[in-house]
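Engineer: In our numbering, the protein residues as written are -13 to 394. Heads up, the beta-carbon is just placed ideally off N, CA and C, and yes, glycines get one too.
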Ligand SMILES: *Cc1c(COP(=O)(O)O)cnc(C)c1O
């Protein structure tokens, strides 16, 4: 594929006009939107306005006059549209980790005779750590059982209370068959929790069609909500009424502003909430999500697949030392491309020095997010050629590139 070929694709690209909505520094090719989505100009302006007008001038009155109180519900509506679920099933609050704690505890409570949480080895650490901490806290014979991906189906048995999985693996980009694994879990009498950190905003997610019980997801990756953006939790409609969420804060109460002594959960999804919503962070997420309005997620995904083909067709033949670990079949992968390389950390530093930003995941993964809203075909072609140069000329082979930063 030549530069002229990819430029031709860019001329026909439906998403090209959206690119200018993002304020990406001149010269940077940003392949890390799967880790921290970039900022939009509209988001920068909206947050500035919320700070100076709504907070600065409106002060506490803004809870009502600017409807701060219903901001989480407004944002939940936007996310519900992206993950294929009905209104009133998503709460926007806390972090992914904390929401996982809440839904996992609730799910275990709903399967009282079973003691096993089944998950995948090499799942994202927080998913496993939260399960371990909850098991320790409950001190009631629970067990976290992790198996290899291909052993999941066989591991579902009548001991399993909850199957806790991440749809897209953060290292390899492998995507699990959510509908099929959910079907198998239900056939075995278990409930399911899906972590959508690398799914929401990356492709069309159909949680309700897959009959998923619970899900959690992240606001700052493909949703571009800003560093540490609020996360979300989904609870299937049939579970909301009896949901026992363990962090019983006043914002999950049926009547928080009656200030009563005894906890009574809100009858709705709002019982997932804990404390006062972080309005500045919510304002950023609210504004960031507007770009998805009118986006055809199938077309978005089709472009991501083309970006994958461009990147792999340039890199794979030229760089035998890089092992492609992301599945080639489009329905078996998320929206990233990842390679195994012994000096992956140094390789990523050398790329960043060339203004191509990707990231490293221990021990040996170089990972590149493919985000069609703001990446052109030419960007990805260009980035792939920079990677080829970094490998061919061994630009990574410098002591400075082996010094690990605190955040990788
Ligand atoms: C990024 C990510 C998270 C993040 O959790 P936080 O609580 O926001 O730190 C959780 N799960 C997966 C699979 C992730 O990729």
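1) Alpha carbon to alpha carbon, what distance is there between residue 272 and residue 407?
2) If you run the structure through DSSP and keep just helix, strand and coil, what is residue 185?
3) Where do the ends of the alpha helix (DSSP H) carrying residue 449 lie?
4) Are at least three pairs of beta-carbons, each pair with one atom in the stretch 189 to 199 and one in the stretch 167 to 180, less than 8 angstroms apart?
5) Can you tell me where the alpha helix (DSSP H) holding residue 224 begins and where it ends?
6) Which residue comes first and which comes last in the alpha helix (DSSP H) that contains residue 66?
7) Count the other C-beta atoms from every protein chain shown that fall within 10 angstroms of the C-beta of residue 18, then say buried if there are 16 or more, exposed otherwise.
8) For residue 1, which option in 386, 107 and 284 has the closest C-alpha, if you only look at C-alpha atoms?
9) Can we say the stretch 6 to 23 touches the stretch 300 to 316, given the rule of at least three CB pairs closer than 8 angstroms?
10) So residue 314 and residue 373 are supposed to be a Cβ contact under 8 angstroms. How far apart are they, rounded?
11) Please report the residue range of the beta strand (DSSP E) in which residue 162 lies.
12) For the candidate residues 38, 71 and 28, whose alpha-carbon lies nearest to that of residue 222?
13) For residue 367, I'd like the list of residues in its chain whose CB is within less than 6 angstroms of its CB, leaving aside the five on either flank, ordered along the chain.
14) Counting only runs of 4+ residues fully inside the stretch 330 to 393, write out the alpha helix (DSSP H) ranges in chain order.
15) What is the rounded straight-line gap between the Cα of residue 74 and the Cα of residue 66?
16) Is it true that the stretch 248 to 263 meets the stretch 16 to 36, where meeting means three or more beta-carbon pairs spaced less than 8 angstroms apart?
17) Determine whether the beta carbon atoms of residue 320 and residue 188 lie at a separation below 8 angstroms.
18) Among residues of its own chain, excluding the 5 on either side of residue 347, which ones have a beta-carbon nearer than 6 angstroms to its beta-carbon?
19) Suppose you measure from the CA of residue 270 to the CA of residue 24; what does that come to, to the nearest Å?
20) With a CB to CB cut of under 8 angstroms and the five nearest residues on each side skipped, what residues in its chain are close to residue 288?
21) Which of the three DSSP states is assigned to residue 323 in this structure?
22) Run the CB neighbour count on residue 102, radius 10 Å, all protein chains shown included, and call it buried at 16 or more, exposed below.
23) What would DSSP say about residue 245, mapped onto helix, strand or coil?
24) Where does residue 201 sit, in a helix, a strand or coil, going by DSSP?
25) For residue 394, I'd like the list of residues in its chain whose CB is within less than 8 angstroms of its CB, leaving aside the five on either flank, ordered along the chain.
26) Considering only their Cβ atoms, is the gap separating residue 142 from residue 148 smaller than 8 angstroms?
27) For residue 395, which residues from the same chain have a beta carbon less than 8 angstroms from its beta carbon, with the 5 sequence-adjacent residues on both sides left out?
28) Could you work out which residue in 264, -4, 82 and 225 is closest to residue 205 when comparing CA atoms only?
29) Looking at the structure shown, is residue 251 part of a helix, part of a strand, or coil, going by DSSP?
30) Determine whether the beta carbon atoms of residue 307 and residue 377 lie at a separation below 8 angstroms.
31) Do you know how far the Cα of residue 333 is from the Cα of residue 56?
32) May I have the straight-line CA-CA distance separating residue 97 from residue 252, to the nearest angstrom?
33) For the alpha helix (DSSP H) that contains residue 293, what are its first and last residues?
34) With distance defined between alpha-carbon atoms, name the residue in -2, 286, 21 and 125 nearest to residue 191.
35) Can you give the beta carbon distance from residue 310 to residue 363, rounded, assuming they're within the 8 angstroms contact cut?
36) Taking only heavy atoms of ligand 1 into account, decide whether any of them is closer than 7 angstroms to the Cβ of residue 156.
Structural biologist: Reading it off the structure:
1) No statement about residue 407 is possible, as the shown extent of the chain runs from -13 to 394 and does not include it.
2) coil
3) This structure leaves residue 449 out entirely; the chain is present only between -13 and 394.
4) The answer is yes - the stretch 167 to 180 touches the stretch 189 to 199, with three or more Cβ pairs under 8 angstroms.
5) 223 to 226
6) 57 to 69
7) buried
8) 284
9) no
10) Beta-carbon to beta-carbon, residue 314 and residue 373 are separated by about 18 angstroms, too far to satisfy the 8 angstroms threshold.
11) Neither: residue 162 is in no beta strand (DSSP E) and is coded neither H nor E.
12) Selection 38, 71 and 28 evaluated against residue 222 yields 71 as nearest (Cα-Cα).
13) So the qualifying residues of the chain are -8 and 296.
14) 330 to 339 and 363 to 378
15) 8 angstroms
16) no
17) yes
18) 157 and 353
19) 12 angstroms
20) Residues of the same chain with their beta carbon placed closer than 8 angstroms to that of residue 288 are lacking, with the five preceding and five following residues left out of the count.
21) strand
22) buried
23) Note: residue 245 maps to coil in three-state DSSP.
24) In the three-state reduction of the DSSP assignment, residue 201 falls in the strand class.
25) Taken in chain order, the residues that qualify are 331, 345, 346, 347 and 348.
26) no
27) Within the shown structure, residues of the chain are numbered from -13 to 394, placing residue 395 beyond reach of any answer.
28) Residue 82 is the option with its Cα nearest to residue 205.
29) DSSP places residue 251 in strand when its eight states are reduced to three.
30) Yes.
31) 45 angstroms
32) 22 angstroms
33) Per DSSP, residue 293 belongs to the alpha helix (DSSP H) from 283 to 304.
34) 286
35) Incorrect: roughly 19 angstroms between the Cβ atoms, too far for contact.
36) yes
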